[in-house]
Amino acid sequence: MKVAKLMTVSAVLATAVGCSSATPPVPQAAGPVVEITIAKGAVTPTNATLSAKVNQPITLRVTSDADDELHVHSTPDHEFEVKPAADQEFSFTVSVPGSVAVELHHLDRTVATIQVQP
Ligand SMILES: [Cu+2]
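Heads up: the sequence shown is residues -29 to -1, 1 to 89, going by mature numbering (1 follows the signal peptide of the UniProt record, and there is no 0).
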C-alpha cells in the first residue's frame, strides 16, 4: 500500500514536468505513435518523453537495418522482435499508471519514457 502511494505521487510529478516541456497540439483518442529509426548502430529518438492514458493503445513504428529487441517496461511488460525492415508496427496498452521505459536491448538505449496517466 505504501509503495503504491509513493509511485502514484512520483508519476504525477513526472507528468507535470513532461507537460511543461512538450504539449501535444491535439489530444489523440487513439494514443501516441512513436516513430523509431535504427540505422548503422544508432537509434532515433533516444530519451523521448510522451504521455498516454491507461489502456490507451500505444504504437511503436520501427524502421530498422538490423535485428533488435524492443522492451516495454510496463506492467505487464511487452517484448517485440525488431527485424531489418521498414514500418514495423507494434501496439500495446499499459494497465498500471506510472513511468514506462521503452528500451532497445541490443543497442542498450532508452528510446522513450511514457508517462501513463490513470
Ligand atoms: Cu528491458
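Quick reminder that beta carbons are idealized off the backbone N, C-alpha and C, glycines included.
This one's a predicted model, so the numbers in the text were calculated from it and none came from an experiment.
### Query
For S70, which three-state DSSP category applies?
strand
### Residues of its chain near A23, where Cβ-Cβ distance is below 6 Å and the 5 sequence neighbours each way are ignored
G2, P3, I29, I85 and V87
### Query
Can you tell me whether D39 is buried or exposed, with buried defined as 16 or more other CB within 10 angstroms of its CB?
buried
#### Entry: Limits of the unbroken beta strand (DSSP E) element including A19
A19 to K24
### Query
Can you give the beta carbon distance from A83 to L21, rounded, assuming they're within the 8 Å contact cut?
6 Å
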